[in-house]
Amino acid sequence: MKREQIAKNIVADLKELAALTSDIDGAQRIAWTPTFKKATEWFAQKMQATGAEVWTDAAGNSWAKFAGESEECIVIGSHLDSVPDGGWLDGALGVVAGMGIGAYGLADKKPAKTLYVVGWADEEGVAFGKSCLGSSAVSGIVTSKNVLPLIHQENGRSFSDVWQEYGLDANRIGEAHTAFAKLPVKAYLELHIEQAPLLALAKKSVACVYGVCGCNRQYITFRGQQGHCGSPVALRQDAFIAAAQTTLDLREIALKYDSYCTVGNIEVKPDLTTISPGYCRISLDQRSIKPETMQTIVAEAKAAAQKHAQEGKLTVEFEPIWHAEPILFDEQLVEDCNAAVEEETGARNSMYSAPLHDAVPLNAVVPSVMMFAQSDPGISHCKEENTPQPQLEEAIRAFIRLAEKELRTSFAE
C-alpha cells in the first residue's frame, strides 16, 4: 500500500478513536478510567484483527508485535491517555501512526526487523501527578518503590487500589522493565503533535526533533506579616507583592535567555479580601535545551526572589520538586529523521521540544528520536487542538519514511 493511502487510513483511525473516547469538551482518555480502558480495548481489537500478537505489560502499557525476519526490533509509539478535555491528536497520533504502519504497511510483507507498537499509559500524570509513568516504568526509572506511596489527586485513593481495580498489581510494575530489557531494540520512534505554533508560523508541516529541554521545578515561598487592608501600603510585609514582582522578573529572564519560565500555581494565605497576605507560595517551572542556560536561569530566578523578599522585609524559601537535564536524541536517528523529512517535503527541518514526552525516558535506555507534526492553531491540551488534514497527512508520510529506514523495509511503494 502506498504511503499516501496509509496516511489517509491512519487519519481515519484517529478520527475513529476520537469519536469513541471524546465528548463535546474534547478527549477524555484520562489514565485508569473507563474511557481509557475503551481506548486500550480499541487498540487491542484493531491490532488483533491484523494477526499481531497483543498484550498489556505490568505497567499498563498496550503492546502489539509484528514479527520480522530478525528479532532485532524497532518500537513505535506514544501515549494513549489524555488530559481531561484534551486534544484528539496529543499522544494518539504517535500510537495510531505505529498501528497503521503495522496494519497497512506490513499487511502483505514481513519486515527485515520486528516491529513493536506501543500505547504508553499515564504519560499525562493526571491521576497521580507523575508524568510518563508507563514509559518510565519500562525504562526502569519508575519502580514499585516510587509508585506505592502515590495518592490519586482527585479521589484520594491509593495507587495500589486504583491499579487493582484496573486489573494491575502495583508491586509488579518492575516486570515491565525486565521484559523490555530483554528486547534487542535498535530504535524508538515517536510522532507527536507539536503543541506550539512554530511549525504553523513557518508554514511547515513536519520537523525532526533533535532534543528535549531540561526542566527544573520548585516551590518558592514568601513569608511576611498578614495585616489589615487599611494598613499603610508602604509599611506592609505583603508576601503576594514579592511573589508577583518575582513572577514579572521571571518572564524577563525567560525572554532574555530564549528559555521558558512558568508560574502555574499560586497559594495565598489567609486568602481573604480584607487581609494583606503574610504567606504566598508559587510554583516555578523553568526549561531550556542548553545545560548552561538551565543553570543561569535557575540562579537568576533565585536571585530575583531573594531581592524582592529583602525589599519587602520577608523571608523566602526554595523547595525543589523535580529536575531533569536537557537531552539530545541519537545522532544517527536524527540524521535518518531529517532525511525522511527532506524526502517527503523537499527540505530538512529540525527543532527541539520544550514539552516532555515518552521519548525522554526511552532515550535513557535505547536510541530514540521524535518527529513533530504541525499544530494549528498551535494550542494543545484542549479540544481546539488540531492539525489541518493536508499537513497531518504529510507529517505521517514523512514518519512512514523514517519507519521504513529503521525497519530496513520498503513497504509503502
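Just so you know, the sequence shown maps onto residues 1 to 413 in the UniProt record's numbering. Think of the CB as a built atom: it goes at the ideal place given N, C-alpha and C, for glycine as much as any other residue. Values in this document were obtained by computation on a predicted structure and should not be read as measured data.
By the Cβ neighbour-count rule, residue 91 is buried, with 16 or more other Cβ atoms within 10 Å of its own.
Looking at the DSSP output, residue 287 bridges to 215, 260. Contact between residue 270 and residue 226 is confirmed by a C-beta separation of about 6 Å, below the 8 Å threshold. The closest CA to that of residue 11, considering only 83, 96, 35, 69, is found on 96. Two segments are said to touch when three or more pairs of C-beta atoms, one from each, lie closer than 8 Å; by this definition the segment 156–163 does not touch the segment 378–392. A direct Cα-to-Cα measurement between residue 6 and residue 281 gives close to 50 Å.
Three or more Cβ pairs closer than 8 Å define a contact, and the segment 141–159 falls short of that threshold against the segment 93–110.
Under the three-pair Cβ rule at 8 Å, the segment 105–119 counts as touching the segment 57–66. Rounded to whole angstroms, the separation of the alpha carbons of residue 306 and residue 384 is 40 Å. For residue 32, there is no enclosing alpha helix (DSSP H), since its DSSP letter is neither H nor E. The Cβ atoms of residue 61 and residue 176 lie closer than 9 Å to each other. Along the length of the UniProt domain "Peptidase M20 dimerisation" (220–312), whole beta strand (DSSP E) runs at least 3 residues long occupy 260–262, 266–269, 279–288, reported in chain order. Rounded to whole angstroms, the gap between the alpha carbons of residue 197 and residue 355 is 13 Å. Scanning the segment 140–171 for uninterrupted alpha helix (DSSP H) segments of 4 residues or longer gives 144–147, 159–166, listed from N- to C-terminal end. Non-local beta-carbon contacts of residue 188 in its own chain, meaning distances under 6 Å to residues more than five positions away in sequence, involve 75, 362, 366, 368 in chain order.
Under the DSSP assignment, residue 173 falls outside any beta strand (DSSP E); it carries neither an H nor an E label. Beta-bridge annotation (DSSP): residue 353 is paired with 212.
Counted as a single uninterrupted DSSP element, the beta strand (DSSP E) harbouring residue 78 occupies residues 70–79.
In this structure, DSSP gives residue 119 an extended state, which the three-state scheme calls strand.
If you check the CB distance, residue 316 and residue 309 come in under 9 Å. Annotation for residue 390: the continuous alpha helix (DSSP H) segment containing it runs 389–407.
Shortest Cα-Cα distance from residue 28 to any of 202, 69, 184, 126 involves 126.
Within the same chain, 204, 207, 341 come within 6 Å of residue 349 by CB-CB distance, once the 5 residues on both sides are set aside. Distance check between residue 407 and each of 17, 146, 185 places 185 closest, using alpha-carbon atoms only. Within the same chain, Cβ atoms closer than 6 Å to the Cβ of residue 380 are found at 87, 90, 195, the five residues on either side in sequence being excluded. The beta carbon of residue 39 lies closer than 6 Å to those of 21, 29, 80 in the same chain, with the five residues before and after it left out. Close CB contacts of residue 139 within its chain, under the 8 Å cut and outside five residues either way in sequence, are with 177, 180, 361, 362, 364, 365 (chain order). Inclusion of residue 403 and residue 192 in the CB contact set at 9 Å is not warranted, their separation being larger than that value. Of the candidates 48, 216, 261, 174, 216 places its Cα closest to the Cα of residue 320. Judged by their CB atoms, residue 313 and residue 214 are not nearer to each other than the 9 Å cut-off. Ranked by Cα distance from residue 377, the first of 357, 202, 274 is 202.
In the DSSP assignment, residue 103 falls outside any alpha helix (DSSP H), carrying neither H nor E. Here residue 286 is not near residue 247, since their CB atoms are 9 Å or more apart. At the C-beta level, residue 220 and residue 284 come within 9 Å of one another.
Less than 9 Å divides the Cβ of residue 209 from the Cβ of residue 329.
One alpha carbon belongs to residue 53, the other to residue 47, and they sit about 8 Å apart.
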